[in-house]
Amino acid sequence: MESEQHSQHLERVPSGISGLDAILQGGFLKGGVYIVQGVPGTGKTVLANHICFNHVARGGRAAYLTLLAESHARMLQHLRPMAFFDDTAIPDRLYYASAYSTLEEQGLRGLLDLIRHEIRGQTASLLVLDGFVVAGLTAPSEREFKKFVYEVQIHANVMNCTVLLLTSNEPGPVRAEHTIVDGVIELDDRLFDHRTERGLQIRKHRGSGFLRGVHPFRITTTGIVAFPRIEVAFASPSRRDLPPRDRVSTGVASLDALIGGGLIDATTSVVMGPTGIGKTTFGLQFLARSRQEEPGLLFGFYETPERLKAKAEALGLDVAGLEASGTVEIVWQPQGENVLDELGHRLLSAVRRRGVRRLFLDGLGGLIESAVHPGRISRFLSVLSNELRALGATTVYSVETRDIVGPTVQVPIDGISSLVEGMMVLRYVEAQGRTHRVLSITKIRDSAFAPELQAFSITSGGWEIIGPFQGYEAVLSGSAHMPPPPPEGR
Amino acid sequence: MKTILLVEDEFGIAGVLTVLLEDAGYRVLSAGNGREGLEQLAANRPNVVVTDYMMPLMDGAAMAQAIRADPAFQDIPIIMMTSVREDIVRQHFAGYTAYMRKPFQTEALLDLIARIAES
Chain E
1 MESEQHSQHL ERVPSGISGL DAILQGGFLK GGVYIVQGVP GTGKTVLANH ICFNHVARGG
61 RAAYLTLLAE SHARMLQHLR PMAFFDDTAI PDRLYYASAY STLEEQGLRG LLDLIRHEIR
121 GQTASLLVLD GFVVAGLTAP SEREFKKFVY EVQIHANVMN CTVLLLTSNE PGPVRAEHTI
181 VDGVIELDDR LFDHRTERGL QIRKHRGSGF LRGVHPFRIT TTGIVAFPRI EVAFASPSRR
241 DLPPRDRVST GVASLDALIG GGLIDATTSV VMGPTGIGKT TFGLQFLARS RQEEPGLLFG
301 FYETPERLKA KAEALGLDVA GLEASGTVEI VWQPQGENVL DELGHRLLSA VRRRGVRRLF
361 LDGLGGLIES AVHPGRISRF LSVLSNELRA LGATTVYSVE TRDIVGPTVQ VPIDGISSLV
421 EGMMVLRYVE AQGRTHRVLS ITKIRDSAFA PELQAFSITS GGWEIIGPFQ GYEAVLSGSA
481 HMPPPPPEGR
Chain S
1001 MKTILLVEDE FGIAGVLTVL LEDAGYRVLS AGNGREGLEQ LAANRPNVVV TDYMMPLMDG
1061 AAMAQAIRAD PAFQDIPIIM MTSVREDIVR QHFAGYTAYM RKPFQTEALL DLIARIAES
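Protein sequence lines correspond, in order, to chains E and S.
Oh and the first sequence: position 137 is 137 in this note's numbering, straight run, nothing missing.
To convert a position in the second sequence, counted from 1, into this note's numbering, add 1000.
Put into structure tokens, the structure is as follows:
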């Protein structure tokens, strides 16, 4: 039984592309044939070359055949600056040749013979045919083309050579050749308002599971980097979520006293309020309690690490020293055209790398603004928070609310309360001719907390809870007023 | 009129070089790989062989070795034009007359061919 199972095991050929093997759940099938399709400029050639160079770096051999694609010299010139490129692999381990003349003169039969010859001659375990669409255009009939693809598959399987067929077909309906091959990968580069985002989708992966849906990817100086969509990649947290145990100090002793000793270990809390009210100060105090055995991470979008350290120093918090000792890491992600899933993976990777136990994400708006599909945000955050809990991180998100004062609190995410265990709302309140800072603890799941509104101030030492903000009505509207006196005679 | 044997699998490059060489007054024989190159060589002795390295069926190094091994053709100058680094080419075949790294300026290749063809 065991040997039968072993014989049925399908051997994989990893792409070596960051993120793609997770999407493919291990890589391509050895001896399988895959169509990689996408309109010109979507990154097919870079992807295929990156896979080839990774393959030969692991000891494999590859052949790259072209049909009316850009010249090899030009293609290699474009690839040369990328980190994966290795001049020494060419031609002994990675061989480039044009198959166009053969196709022109001898048709699909000649092309098939050439593919077979190059697999054998180069002892290639990976072969790319770039410009596969041209073979389709040359075919005398659809039946002949299907037969050609079928024969390529037979040879690939017998010769244990994985084959990638690159075609510039428009994405769309299933084509005849799709029914024969082992897999179809579709690349695109979509426009969202004024920005574009590259996406990769596995349409078919015979004999294997795969992560479904569109996954963003980038072409960087290191080559292709794919970011499996967080919602599907971490649909089940990577570790079992342990029941929360300890309390984790917020860094503000007077606040800890109001919430039963601190935040609950490995939970997620949100502190929301308008600009300048003290969200980042709170986060820095939370982070300053990091220790070697309780490492901290500040993942921020707005203020640079230098400004944050200077701000902390002004509050008497040695965040710079904690960073220098490796107890705290500051990851600054400047606002630009970020990719939501890239940010998610970067955050989780930073947490995993150092076993982070205290995480301050400043602020959630940076994630929200990176989403080309804002409708994803709630589910994205839910899955991200689950994973952070499973990793044992006690997380504080800061969220900026829109209005500095006013009758409503505009929260940029729907249903945020259901995503977090703790929630604190900060408000500027006008009363008796001056502005007060007021804190409302609206949620600490499974824990008692002081329900009264609390006045707080920011001193040279940071946050300080002054005490209950009493004697006023409509405080959270921003314009507090004294309640009317009770009617006389009662 | 001098004859150039141009061995190049990429038809776009082969086409442009053929036109430019013919404009420069050469007779051009074309081949798409090393095997075809040797067939052309046997039928029409060229003055210079200009060859790519990586081609299907037979590469430029294997073809050049066969040319050097044949007493009838071993003195024909061979220009190796390729994306492959020269130190790697030399590990396989060091008997070429000149090397030109792709991509190149066509004028540089034409000058090189002219110098070698006239020498």
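All C-beta atoms, glycine included, are put in the ideal place defined by N, C-alpha and C.
Remember, it's a predicted structure, so these values are computed and weren't measured experimentally.
Leaving aside the five residues that flank LEU1038(S) on each side, the residues in its chain whose CB is nearer than 7 angstroms to its CB run, in chain order, MET1063, ALA1066. When Cβ-Cβ separations below 9 angstroms define contact, GLN106(E) makes no contact with chain S. The beta carbon of ARG203(E) sits closer than 6 angstroms to the beta carbons of VAL184, GLU186 from its chain, once the five residues preceding and following it are set aside; these are given in chain order.
The continuous beta strand (DSSP E) containing ALA62(E) extends over residues 62 to 66.
Listed along chain S, no residue sits closer than 9 angstroms to THR304(E) by beta-carbon distance, the nearest being about 42 angstroms off.
From the listed residues GLU369(E), GLU118(E), LEU114(E), GLU104(E), the smallest Cα separation to PRO140(E) is found for GLU104(E). Among the CB atoms of chain S, one or more fall inside 9 angstroms of the CB of GLU118(E). Against chain E, a Cβ distance below 9 angstroms from MET1063(S) picks out nothing, because the smallest value is about 14 angstroms. Taking the beta carbon of ASP86(E) as reference, no residue of chain S falls within 8 angstroms; the closest one sits roughly 11 angstroms away. For PHE84(E), no alpha helix (DSSP H) segment is defined, and its DSSP state is neither H nor E. Contact annotation: in the region 1004 to 1037 of chain S, residues whose CB is within less than 7 angstroms of a CB in chain E are ASP1009, GLU1010, PHE1011, GLY1012, ILE1013, GLY1032.
Secondary structure note for LYS147(E): its alpha helix (DSSP H) is the uninterrupted segment 142 to 158.
Under the Cβ criterion of 9 angstroms, LEU76(E) is counted among the residues facing chain S. Runs of the alpha helix (DSSP H) lying entirely within the region 365 to 420 of chain E and spanning at least 4 residues, in chain order: 377 to 390, 416 to 419.
Here the alpha carbons of LEU200(E) and ARG218(E) stand approximately 10 angstroms from one another.
Excluding residues up to 5 positions away in sequence, TYR1053 lie with their Cβ nearer than 6 angstroms to the Cβ of VAL1084(S) in the same chain. Between the region 32 to 39 of chain E and the region 152 to 162 of chain E, the count of C-beta pairs closer than 8 angstroms reaches three or more; the two stretches touch. Annotated as proximal: LEU426(E) and LYS279(E), with beta-carbon spacing under 9 angstroms. Of all residues in the region 92 to 104 of chain E, only ASP92, TYR95, TYR96, ALA97, SER98, ALA99, TYR100, SER101, THR102, GLU104 place a beta-carbon less than 8 angstroms from a beta-carbon of chain S. Neighbours of LEU114(E) in chain S, taken as residues whose beta carbon is under 7 angstroms from its own, are PRO1056 in chain order.
Looking at the DSSP output, GLY296(E) sits in a beta bridge with VAL328(E), ARG358(E).
With a cutoff of 9 angstroms on beta-carbon distance, PHE456(E) and VAL438(E) are scored as near each other. Taking 9 angstroms as the CB threshold, ASP1070(S) stays off the interface with chain E.
The alpha-carbon separation between ILE368(E) and SER398(E) amounts to approximately 12 angstroms. Comparing alpha carbon positions, the residue from GLY366(E), ARG58(E), ALA324(E) closest to SER125(E) is ARG58(E).
THR196(E) carries a strand assignment under DSSP once its states are collapsed to helix, strand and coil.
The beta-carbon of GLY121(E) is placed less than 9 angstroms from the nearest beta-carbon of chain S.
Excluding the 5 residues flanking it on each side, GLY251(E) has same chain C-beta neighbours closer than 7 angstroms at GLN285, PHE286, ALA288, ARG289, in chain order. The shortest C-alpha to C-alpha distance from MET1100(S) to any of PHE1011(S), ASP1111(S), GLU1036(S) is the one to ASP1111(S). Contact check for VAL128(E) against LEU68(E) fails: the beta carbons are separated by 9 angstroms or more.
With respect to the 9 angstroms criterion, ALA48(E) and ASP182(E) are not classified as neighbours on the basis of their beta carbons.
The beta-carbon of SER168(E) is placed no less than 9 angstroms from the nearest beta-carbon of chain S. Close CB contacts of PRO483(E) within its chain, under the 7 angstroms cut and outside five residues either way in sequence, are with GLU473 (chain order). Taking the C-beta atoms as reference points, MET1001(S) is found no nearer than 9 angstroms to GLY1034(S). In the three-state reduction of the DSSP assignment, VAL133(E) falls in the helix class. With distances taken between CA atoms, GLU323(E) lies nearest to ARG354(E) out of LEU343(E), ARG354(E), GLY471(E), PRO216(E).
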